[in-house]
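Peer 1: Residue numbering for the sequence shown follows our numbering, starting at 2 and increasing by one per position.
We treat Cβ as the ideally placed atom computed from N, Cα and C, and that holds for glycine.
Model, not experiment: these values are computed from the prediction.
The structure is given below, and queries will be raised subsequently.
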Amino acid sequence: MKQKRRDRATLVMLIGSITFVLVVFFWWKLQLALTRYFDADEYAYLHWAYNVFSGKLPYRDFFFYVPPGFLWVLAPLFAFFHGVTAFIAGRVLAFVIFCALSLVTGLLFWEVRRSWVALLAPLLLVFLPLPSDKFLEIRPDTLAMLLATLGLTFQVRGIRGKKIAVWFFSGVFYGLSLLVLPKTLPQVAVAVLVAIGWGIWVPRSGISLREKKKGKNILPFFIGILVPIGMLGLWSLFLRDIGLVWYSITSLPAVVGQETAKMFPMQPDLFFYPNDTYYGETGWSAGLFVNHVVWIIGLTMGAVRLLTPWLGPSVAPQGAAMAGKGESWSEFLIAGSFFAHVIFFFWIYPLRHAQYLIPIAVFVSFYAADAVDIVWAKAKRNSISFIMGITSIIILLGTLYKTFLLVNSPKLVWTNKAALANIENIHKTIPFDQYLLDLDGRTLYYKDPYYICCLPFGEFVPFMKPKPSSVISYLEKTQTLYIYEGDLLRVNTLSIDEKNYIRAHFVPDPNIAGLLERM
């Protein structure tokens, strides 16, 4: 009895230690979110969100190529923040969404394993150097994955025979994730297939009649998915151009992605090679090594879980909360969702930017924690192995903490101060009622003279149907006095005629980097 009490007290201390380290990691991530330099995509999403806040409609009034859900979430920030504070507010929102995603990942683990190791799932997700920084950026990927993970968690509860309402909420969250970003489509497709399979299997299974009635009624799941999609359809009717909306979120991004990939090919393993942007140091560093170990363990464990549900009860997951009640279906649902994202990243997506790894990283952290849970289940069988297990987890925590500091400390130097100062200078210099062609997005509050802004549109306009008119006529029509090309000098991406026109009529501002003024 005394031994059990000591073991329980030791376990409580261990859980407290993991929680403390997780809080410290979150605090560090908040500092990085507030100080880290801005990615070009962040400027664009904030710019488009301000357009929505100003009453403009995506697709009709300005170019946009994904569903509008994220803009609807981001736009209300401008009711409370203006000037450069809007950028910081956007980062804080991104941080909050990331915290929620991390905790929901732990909740999903608890739902299927009922183990304290659930705390390690969010800890590992916050730790992972790749694609850590992308979680903190103002982009829809993290929010979409949060919603998809909530959908997954509710679906697991539905398979366990909980109230029918959980099937509905599962569908709603999946549908909302698509409304934010269609990159969750592979996961939603797996969820739909599992729901159909579950609905067919339940009436033929040996589970209780009560569970059959709950499991058989999966219609609310499909109704839930259709609710957000129906909202988008009704909104498109209000826009009076369903064809434009459909083209903008399906064919257009596919064509643009394929053509851009031809110009700038990216190998799927690009970000797994040494680089200080993600790993904090150049060369083969501790951050890179530990990152790769976690990824390999997560991928391997995910593959094992994908196969073991169909090999019989002798290999049922340790700590599974659903043995004998469709547990194999939930295992396949989670692992299938994981590898659907992996397959799309490696073989379907034409572009493979680091943010495309966000969905995969969520499952990597889940299954890396799952591997620890299996080891722990064996270690707690006797006192000696229990002590060894506790010691191993303490060493793991120390390794993660030390590596986390090595990876993230150098990143505090790469600040956004210069960028925010430059933006503030623009706001002080140019009246907000002026037209400004923003090829970068960061100026936010000015009138856009052209349908497309915030992007190197010269790279993809030739592939649009119908092809938009040249920007030259709009610069003339509105007598635009300013062009902002940003750090990436995006005027160089325009057509030859457009570049020649701009060079003939605009000159660089001597005081504001990236700003061109009409002569």
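Alpha carbons only, please: which of 442, 88, 351, 61 is nearest the one belonging to residue 259?
Peer 2: Locating residue 259 in the sequence shown gives position 258, counting from the first residue. Selected option, being the one with the closest Cα: 351.
Peer 1: What's the C-alpha gap between residue 482 and residue 307?
Peer 2: What you label residue 482 is simply residue 481 of the sequence shown in a count that begins at 1. What you label residue 307 is simply residue 306 of the sequence shown in a count that begins at 1. Answer to the nearest angstrom: the Cα atoms are 59 Å apart.
Peer 1: Give every residue of the same chain whose Cβ lies closer than 6 Å to the Cβ of residue 369, excluding the five residues on either side of it in the sequence, and list them in chain order.
Peer 2: Position 368 of the sequence shown, counting from 1, holds the residue named residue 369. Excluding positions up to five away in sequence, the list reads 125, 295, 298, 299.
Peer 1: In angstroms with no decimal places, state the Cα-to-Cα distance between residue 219 and residue 168.
Peer 2: In the sequence shown, residue 219 corresponds to position 218, counting from 1. In the sequence shown, residue 168 corresponds to position 167, counting from 1. When rounded, the distance between both Cα atoms is 6 Å.
Peer 1: Determine which residues share a DSSP beta bridge with residue 484 and list them.
Peer 2: Within the sequence shown, residue 484 is the residue found at index 483, counting from 1. Paired residue(s): 438, 517.
Peer 1: Helix, strand or coil: which one does DSSP assign to residue 57?
Peer 2: Along the sequence shown, read from residue 1 onward, the residue named residue 57 stands at position 56. Here residue 57 sits in coil by DSSP.
Peer 1: Once DSSP output is grouped into helix, strand and coil, what is the label at residue 257?
Peer 2: The residue given as residue 257 occupies position 256 in the sequence shown. Here residue 257 sits in helix by DSSP.
Peer 1: How about the region 137-153 and the region 165-185: do they share at least three Cβ pairs that are nearer than 8 Å?
Peer 2: Because the criterion of three Cβ pairs below 8 Å is met, the region 137-153 and the region 165-185 touch.
Peer 1: Just checking, does the region 77-93 make contact with the region 41-60 on the three C-beta pairs under 8 Å criterion?
Peer 2: Counting Cβ pairs under 8 Å, three or more are found: they touch.
Peer 1: Excluding five sequence neighbours on each side, which residues of the same chain lie with their C-beta closer than 7 Å to the C-beta of residue 462?
Peer 2: Position 461 of the sequence shown, counting from 1, holds the residue named residue 462. Same-chain partners within the cutoff: 468, 469.
Peer 1: Suppose contacts are defined by Cβ-Cβ distances below 8 Å. Is residue 221 in contact with residue 177 by that definition?
Peer 2: Against the sequence shown, residue 221 aligns to sequence position 220. Against the sequence shown, residue 177 aligns to sequence position 176. No; because the gap between Cβ atoms is not below 8 Å, this pair is not in contact.
Peer 1: From this set, 11, 20, 172, 200, which residue's C-alpha is nearest residue 119's C-alpha?
Peer 2: Reading the sequence shown from its first residue, position 118 is the one you call residue 119. Out of 11, 20, 172, 200, 20 has the C-alpha closest to the C-alpha of residue 119.
Peer 1: By the DSSP assignment, the beta strand (DSSP E) with residue 507 in it spans what residues?
Peer 2: One-based indexing of the sequence shown puts residue 507 at position 506. Looking at the DSSP string, the run of the beta strand (DSSP E) that includes residue 507 is 507-509.
Peer 1: Nearest by alpha-carbon distance to residue 358: which of 372, 367, 342, 348 is it?
Peer 2: For this step, residue 358 is matched to residue 357 along the sequence shown. Nearest C-alpha to residue 358: 342.
Peer 1: Assuming the contact rule is C-beta atoms closer than 8 Å, residue 271 and residue 353 should be a hit. Round their C-beta distance to whole Å, please.
Peer 2: Start at 1 with the first residue of the sequence shown, and residue 271 comes out as number 270. Start at 1 with the first residue of the sequence shown, and residue 353 comes out as number 352. Right, the Cβ-Cβ distance comes to about 7 Å (below 8 Å), so this counts as a contact.
Peer 1: From which residue to which residue does the alpha helix (DSSP H) around residue 84 run?
Peer 2: Stepping through the sequence shown from its first residue, residue 84 is reached at position 83. Per DSSP, residue 84 belongs to no alpha helix (DSSP H) and is neither H nor E.
Peer 1: Does the region 105-121 come close enough to the region 60-73 to have 3 or more Cβ pairs within less than 8 Å?
Peer 2: No, the region 105-121 does not touch the region 60-73.
Peer 1: Rounding to the nearest angstrom, what Cα-Cα distance links residue 112 and residue 450 in this structure?
Peer 2: For this step, residue 112 is matched to residue 111 along the sequence shown. For this step, residue 450 is matched to residue 449 along the sequence shown. Going by the C-alpha atoms only, they are around 51 Å apart.
Peer 1: When we look at the beta-carbon of residue 466 and count the other beta-carbons within 10 Å, is it buried (16 or more) or exposed?
Peer 2: Here residue 466 is taken as the residue at index 465 of the sequence shown, counted from 1. Flag for residue 466 reads exposed.
Peer 1: Where residue 129 and residue 99 are concerned, what is the direct C-alpha to C-alpha distance, given to the nearest angstrom?
Peer 2: Counting from one through the sequence shown, the residue named residue 129 turns up at place 128. Counting from one through the sequence shown, the residue named residue 99 turns up at place 98. Rounded to the nearest angstrom, the two C-alpha atoms are 13 Å apart.
Peer 1: What span of residues does the alpha helix (DSSP H) with residue 387 cover, start to end?
Peer 2: Position 386 of the sequence shown, counting from 1, holds the residue named residue 387. From DSSP, the alpha helix (DSSP H) with residue 387 extends over 384-409.
Peer 1: Please look up how many angstroms separate the CB atoms of residue 521 and residue 38, rounded, as I've assumed it's under 8 Å.
Peer 2: Absent from the model: residue 521. The displayed extent of the chain is 2 to 520, so no value can be given.
Peer 1: Alpha carbons only, please: which of 238, 486, 28 is nearest the one belonging to residue 137?
Peer 2: Counted from its first residue, the sequence shown places residue 137 at position 136. Of the candidates 238, 486, 28, the one whose C-alpha sits nearest the C-alpha of residue 137 is 28.
Peer 1: Cα separation between residue 62 and residue 242?
Peer 2: By one-based count along the sequence shown, residue 62 stands at place 61. By one-based count along the sequence shown, residue 242 stands at place 241. Straight-line Cα distance between these residues: approximately 12 Å.
Peer 1: Tell me the residue span of the alpha helix (DSSP H) that contains residue 279.
Peer 2: Residue numbering aside, residue 279 sits at position 278 when the sequence shown is read from its first letter. Segment 277-280, the alpha helix (DSSP H) holding residue 279.
Peer 1: Does DSSP classify residue 461 as helix, strand or coil?
Peer 2: Sequence index remark: in the sequence shown, residue 461 carries index 460 (1-based). Residue 461: coil per DSSP, three-state reduction.
Peer 1: Once you ignore the five residues that flank residue 365 on each side, which residues in its own chain have a CB closer than 6 Å to its CB?
Peer 2: For this step, residue 365 is matched to residue 364 along the sequence shown. 296, 299, listed in sequence order.
Peer 1: Report yes if the C-beta distance between residue 523 and residue 225 is below 8 Å; otherwise report no.
Peer 2: Shown here, the chain extends from 2 to 520; a query on residue 523 therefore has no answer.
Peer 1: Tell me whether the beta-carbon of residue 460 lies closer than 8 Å to the beta-carbon of residue 150.
Peer 2: Position 459 of the sequence shown, counted from the start, is the residue given in the question as residue 460. Position 149 of the sequence shown, counted from the start, is the residue given in the question as residue 150. No, Cβ-Cβ distance for residue 460 and residue 150 is not below 8 Å.
Peer 1: Whose CA, out of 84, 478, 454, 498, lies closest to the CA of residue 485?
Peer 2: Against the sequence shown, residue 485 aligns to sequence position 484. The shortest Cα separation from residue 485 among 84, 478, 454, 498 belongs to 454.
Peer 1: CA-CA distance, residue 501 and residue 253?
Peer 2: Counting from one through the sequence shown, the residue named residue 501 turns up at place 500. Counting from one through the sequence shown, the residue named residue 253 turns up at place 252. About 28 Å.
Peer 1: Please state whether DSSP places residue 136 in a helix, a strand or coil.
Peer 2: Stepping through the sequence shown from its first residue, residue 136 is reached at position 135. It is helical.
Peer 1: Contact defined as beta carbons within less than 8 Å: I believe residue 398 pairs with residue 191. What is the distance between those atoms, to the nearest angstrom?
Peer 2: Counting from 1 along the sequence shown, the entry for residue 398 is found at position 397. Counting from 1 along the sequence shown, the entry for residue 191 is found at position 190. Contact flag wrong, Cβ pair sits at about 33 Å.
Peer 1: Cβ of residue 452 within 8 Å of Cβ of residue 479?
Peer 2: As a working note, residue 452 is residue 451 in the sequence shown. As a working note, residue 479 is residue 478 in the sequence shown. No, these two residues do not count as a Cβ contact at 8 Å.
Peer 1: Thinking C-alpha only, which one of 411, 429, 293, 395 is nearest residue 446?
Peer 2: Here the question's residue 446 lines up with position 445 in the sequence shown. Nearest C-alpha to residue 446: 429.
Peer 1: With burial defined as no fewer than 16 other Cβ atoms inside 10 Å of the residue's Cβ, what is the status of residue 95: buried or exposed?
Peer 2: The residue labelled residue 95 in the question sits at position 94 within the sequence shown. Per the 10 Å Cβ criterion, buried.
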